[in-house]
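S.K.: Chains as they are written, first to last, in the numbering used here: chain A, 1 to 356; chain B, 1 to 356.
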């Protein structure tokens, strides 16, 4: 039925679809729907505290006996730099003035905890079947502890060099994240987005470079994309943006509306968090970005945006709101996550059949 | 055999492979080899004068009775701006000094003639089976004259909006040029490369938007890429960089050497001509680009680079040389253009067969 069963067997799933973990945009409800439909559901942990992660896991297990994935960020914690922060606030000062906000007020905390000892202890306790990382891998000692739980370990590569690096450190499969992908680039061996490759170019090169299964990510939103991923040598596809159109997505109405206008109109930007991520283009990206030299290190750039975002969202505007989207949002369909997973799998198989 | 015969029937070819016209990098020899192997060979005319185009056509017809494509640029002719030119020379002044060159010497002429009345008259005389354009389409009157010759007309779209624009003006097929592609972006409705989409995301959206056959371009260098293009809804693939590895490519040894080191290392740059084009990253791109605000309009930026290029190439260095390459150069194989065409077609069919 599926031409490549390596990923299905590695993960214990029925259809070669990984629901992308989307911090802030999905929780266990989406993961449950996708896993119960035979794919791999993912619970993003980057914005959750220990209790919330534990609760999401419990909810998943109450409603599904299928495999699931806990996803963690493993960036280096940023070192706050007062001069950089001041520069960033100066860059944004005119917006504070325009909105009548106090530019000297203390900023909210935006820590996204990198995978640390506490998170690792949680993984040891929860024993998720799959653990995926973004921005590389945690320290070898932490990684060894995750591996010792028996978890299958995944991470994203945005270049051939990163794929080799991940495979050499024991990743069980590599997510080849092409430049089309929405949200944060997983890049960790470099910071230059100008050389980031598209999915169609990246996947076969990574498939040639590593022995483990490759999961194609970026720009895949229907059965044609999944069939193409398999043609390129991937064993499966990771899909994010298409799932933002499901009711299980925990995104705002503003974000949903932006996705409907995303065609030809997304860009990689660092203005929202300090790291490059793909969003539907909006005012702050046009006027300050999309790549701002003044943006503080991830995730500190987010802090000074939050008051602007809150003040404008109240008036139904997304001028300062991150509107994560990949480049294939125009292919999105409004339906439940389980229904979408079934449809994607059926479309992909029909597409493969039609290509004989 | 081939799952989609629309492009084969439109162009009168046997395998759904269009050899990308690569100005400066191929002439009739490559086109003859590809067309005789059943694909569509292309003769790029942007750097050729009328006599040379006529001669290349004659050579093609002496050695092949198969269809072929004449490709023209149809950019708006640049208006020279003394202040911009001076700024560009100032940007490059330190390199002139380093190489002991006279920064005040008159610059060479770098006109790339856009498709005009004379070129159109040539098409009317030569009657090529296929005419393709880059940077949009010529004026309606010229386009009508080309159409009246009976030529099949192609052009490149880098967005859904551009694809719709081309189809509405009577293009018989649309080349969906993803961001992976080497050489010049065909973009003509906008200049912002930050929103340019990758091939995997772009092709299905364009296939949904237009009724004419779609030719996928960008990042396709082996049978996997062709199979993926067909899976995405394209009727064929345009392939450039893979053909730079053939002896028929009229590129320098320096360029060939750069292609061997292109993996993870190409970027879109405007430093060589003033328009964004993908090249292997080299010194001038790193130090002045990849996108330089100071670069004059296409093709005028090239003029001030030429003395630098000549002086360094003499010492076997490509610091100032355009090294056009797509993002899949690592998949390139050294073999003749006919042999490569046969191999690509066989690989694609085998790949499609293996996906059942």
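Where a beta carbon is used, it is the ideal one built from N, C-alpha and C, also for glycine. For clarity, every value in this text was computed on a predicted model and none was experimentally measured.
Curious, which full-length beta strand (DSSP E) runs of at least 3 residues does the region 265 to 332 of chain A contain?
M.R.: 266 to 269, 277 to 280
S.K.: Grouping DSSP H, G and I as helix and E and B as strand, with all else coil, what is residue 226 of chain B?
M.R.: Stepping through the second chain from its first residue, residue 226 of chain B is reached at position 226. Of the three classes helix, strand and coil, the one that applies to residue 226 of chain B here is helix, per DSSP.
S.K.: What distance in whole Å lies between the Cβ atoms of residue 140 of chain A and residue 69 of chain A, which are believed to be in contact at a cut-off of 8 Å?
M.R.: For the purposes of this step, residue 69 of chain A is taken as the residue at position 69 of the first chain. For the purposes of this step, residue 140 of chain A is taken as the residue at position 140 of the first chain. At roughly 21 Å, the Cβ-Cβ gap does not stay under 8 Å, so residue 69 of chain A and residue 140 of chain A are not in contact.
S.K.: With DSSP as the reference, identify every bridge partner of residue 237 of chain A, one or two as the case may be.
M.R.: Position 237 of the first chain, counting from 1, holds the residue named residue 237 of chain A. Answer is A/17, A/216, bridged to residue 237 of chain A.
S.K.: With the cut-off set at 9 Å, would you say residue 176 of chain B and residue 218 of chain B are in Cβ contact?
M.R.: On the second chain, residue 176 of chain B is found 176 positions in, with the first residue counted as 1. On the second chain, residue 218 of chain B is found 218 positions in, with the first residue counted as 1. Yes, the Cβ-Cβ distance between residue 176 of chain B and residue 218 of chain B is below 9 Å.
S.K.: From B/91, B/65, B/326, B/274, pick the residue whose C-alpha is nearest to that of residue 296 of chain B; which is it?
M.R.: If you number the second chain from 1, residue 296 of chain B lands on position 296. Nearest option by C-alpha distance: B/274.
S.K.: With distances taken Cα to Cα, identify the nearest neighbour of residue 148 of chain A among A/343, A/160, A/126, A/161.
M.R.: Stepping through the first chain from its first residue, residue 148 of chain A is reached at position 148. Among A/343, A/160, A/126, A/161, the Cα nearest to that of residue 148 of chain A belongs to A/126.
S.K.: Is it the case that the region 185 to 199 of chain B contacts the region 314 to 321 of chain A, given that we only count it when at least three CB pairs across the two stretches are under 8 Å?
M.R.: Three or more beta-carbon pairs separated by less than 8 Å are not found between the region 314 to 321 of chain A and the region 185 to 199 of chain B, which leaves the two stretches without contact.
S.K.: Specify the secondary structure class of residue 133 of chain A as computed by DSSP and reduced to three states.
M.R.: Residue 133 of chain A sits at position 133 when you count from the first residue of the first chain. Shown here, residue 133 of chain A sits in a strand according to DSSP, grouped into three states.
S.K.: Closer than 8 Å by beta-carbon distance: list the chain A residues that pair up with residue 355 of chain B, in chain order.
M.R.: Here residue 355 of chain B corresponds to residue number 355 of the second chain, with the count starting at 1. Correct list: 3, 227, 230, 231, 352, 355.
S.K.: Expressed to the nearest angstrom, what Euclidean distance is found between the alpha-carbon atoms of residue 5 of chain B and residue 342 of chain A?
M.R.: Counted from its first residue, the second chain places residue 5 of chain B at position 5. Counted from its first residue, the first chain places residue 342 of chain A at position 342. Approximately 30 Å between the Cα atoms of the pair.
S.K.: Under 8 Å by Cβ, that's how I've got residue 180 of chain A and residue 201 of chain B pegged, so tell me the actual separation to the nearest angstrom.
M.R.: One-based indexing of the first chain puts residue 180 of chain A at position 180. One-based indexing of the second chain puts residue 201 of chain B at position 201. With 8 Å as the limit, residue 180 of chain A and residue 201 of chain B qualify as a contact, their Cβ atoms being about 4 Å apart.
S.K.: Can you tell me whether residue 108 of chain B is buried or exposed, with buried defined as 16 or more other CB within 10 angstroms of its CB?
M.R.: For the purposes of this step, residue 108 of chain B is taken as residue 108 along the second chain, with counting starting at 1. When all chains shown are included, residue 108 of chain B counts as exposed.
S.K.: In whole angstroms, what separates the C-alpha of residue 293 of chain B from that of residue 158 of chain B?
M.R.: Against the second chain, residue 293 of chain B aligns to sequence position 293. Against the second chain, residue 158 of chain B aligns to sequence position 158. Their Cα atoms are separated by approximately 22 Å.
S.K.: Could you give the DSSP three-state label for residue 71 of chain B: helix, strand or coil?
M.R.: In the second chain, residue 71 of chain B corresponds to position 71, counting from 1. In this structure, residue 71 of chain B counts as strand in the three-state DSSP scheme.
S.K.: Is it buried or exposed, residue 214 of chain B, if we count other Cβ atoms within 10 angstroms and call 16 or more buried?
M.R.: Here residue 214 of chain B is taken as the residue at index 214 of the second chain, counted from 1. Buried: at least 16 other Cβ atoms inside 10 Å.
S.K.: So with CB distances below 7 Å, who are the chain A contacts of residue 87 of chain B?
M.R.: By one-based count along the second chain, residue 87 of chain B stands at place 87. The contacting residues do not exist; residue 87 of chain B stays about 21 Å from chain A at best.
S.K.: Starting from residue 152 of chain B, follow the beta strand (DSSP E) in both directions and report where the run begins and ends.
M.R.: Taking the second chain and counting its residues from 1, the one referred to as residue 152 of chain B is at position 152. Segment 152 to 157, the beta strand (DSSP E) holding residue 152 of chain B.
S.K.: Say whether chain A places a C-beta atom closer than 9 Å to the C-beta of residue 141 of chain B.
M.R.: The residue you call residue 141 of chain B lines up with position 141 of the second chain. Not flagged as an interface residue toward chain A: residue 141 of chain B, since no C-beta distance is shorter than 9 Å.
S.K.: Considering only the beta carbon of each residue, do residue 243 of chain B and residue 237 of chain B sit closer than 9 Å?
M.R.: Position 243 of the second chain, counted from the first residue, corresponds to residue 243 of chain B. Position 237 of the second chain, counted from the first residue, corresponds to residue 237 of chain B. Cβ atoms of residue 243 of chain B and residue 237 of chain B: not closer than 9 Å.
S.K.: Would you report the Cα separation of residue 104 of chain B and residue 282 of chain B, rounded to the nearest angstrom?
M.R.: Taking the first residue of the second chain as 1, we reach residue 104 of chain B at position 104. Taking the first residue of the second chain as 1, we reach residue 282 of chain B at position 282. When rounded, the distance between both Cα atoms is 25 Å.
S.K.: Which residues in chain B have a C-beta closer than 7 Å to the C-beta of residue 266 of chain A? List them in chain order.
M.R.: Translated into positions along the first chain, residue 266 of chain A becomes position 266. Here the neighbours are 195.
S.K.: With residue 44 of chain B as the anchor, note down where its beta strand (DSSP E) starts and where it stops.
M.R.: Counting from 1 along the second chain, the entry for residue 44 of chain B is found at position 44. From DSSP, the beta strand (DSSP E) with residue 44 of chain B extends over 41 to 44.
S.K.: What are the residues in the region 250 to 283 of chain A lying within 9 Å of chain B by C-beta distance?
M.R.: 263, 264, 265, 266, 267, 268, 269, 281
S.K.: Of all the residues that make up the region 183 to 209 of chain B, which are near chain A by a beta-carbon distance shorter than 7 Å?
M.R.: 194, 195, 197, 198, 199, 200, 201, 204, 205
S.K.: Would DSSP call residue 175 of chain A helix, strand or coil?
M.R.: As a first step, residue 175 of chain A is located in the first chain; it is residue number 175 there, counting from the start. Looking at residue 175 of chain A - three-state DSSP - the assignment turns out to be strand.
S.K.: Applying a beta-carbon distance threshold of less than 7 Å, which residues of chain A neighbour residue 224 of chain B?
M.R.: Taking the first residue of the second chain as 1, we reach residue 224 of chain B at position 224. Within chain A, the residues near residue 224 of chain B are 204, 231, 232, 233.
S.K.: Using CA coordinates, which residue listed in B/338, B/129, B/211 is at the minimum distance from residue 246 of chain B?
M.R.: Within the second chain, residue 246 of chain B is the residue found at index 246, counting from 1. With respect to the C-alpha of residue 246 of chain B, the residue from B/338, B/129, B/211 having the closest C-alpha is B/338.
S.K.: For residue 57 of chain B and residue 323 of chain A, I'd like the C-alpha separation in whole angstroms.
M.R.: Taking the second chain and counting its residues from 1, one reaches residue 57 of chain B at position 57. Taking the first chain and counting its residues from 1, one reaches residue 323 of chain A at position 323. Spanning the two alpha carbons is a distance of roughly 51 Å.
S.K.: In the region 186 to 211 of chain A, which residue ranges form an unbroken beta strand (DSSP E) of at least 3 residues, counting only runs that do not cross its ends?
M.R.: Within the region 186 to 211 of chain A, not a single complete beta strand (DSSP E) segment reaches 3 residues in length.
S.K.: List the residues that DSSP assigns as beta-bridge partners of residue 183 of chain A.
M.R.: Within the first chain, numbered from 1, the residue matching residue 183 of chain A stands at position 183. Answer is A/278.
S.K.: Need the endpoints of the alpha helix (DSSP H) that residue 2 of chain B sits in, please.
M.R.: Translated into positions along the second chain, residue 2 of chain B becomes position 2. No alpha helix (DSSP H) contains residue 2 of chain B, which DSSP labels as neither H nor E.
S.K.: Taking the alpha carbon of residue 195 of chain A as the point to measure from, which residue in B/86, B/52, B/286 has its own alpha carbon closest?
M.R.: Taking the first chain and counting its residues from 1, one reaches residue 195 of chain A at position 195. The shortest C-alpha to C-alpha distance from residue 195 of chain A to any of B/86, B/52, B/286 is the one to B/286.
S.K.: How far does the alpha helix (DSSP H) with residue 146 of chain A in it reach, from first residue to last?
M.R.: Taking the first chain and counting its residues from 1, the one referred to as residue 146 of chain A is at position 146. Secondary structure note for residue 146 of chain A: its alpha helix (DSSP H) is the uninterrupted segment 140 to 148.
S.K.: Cα separation between residue 256 of chain B and residue 270 of chain A?
M.R.: Looking up residue 256 of chain B in the second chain gives position 256. Looking up residue 270 of chain A in the first chain gives position 270. For residue 256 of chain B and residue 270 of chain A, the distance between alpha carbons rounds to 35 Å.
S.K.: With the cut-off set at 9 Å, would you say residue 3 of chain B and residue 352 of chain B are in Cβ contact?
M.R.: Working through the second chain from its first residue, we reach residue 3 of chain B at position 3. Working through the second chain from its first residue, we reach residue 352 of chain B at position 352. Closer than 9 Å, so yes.
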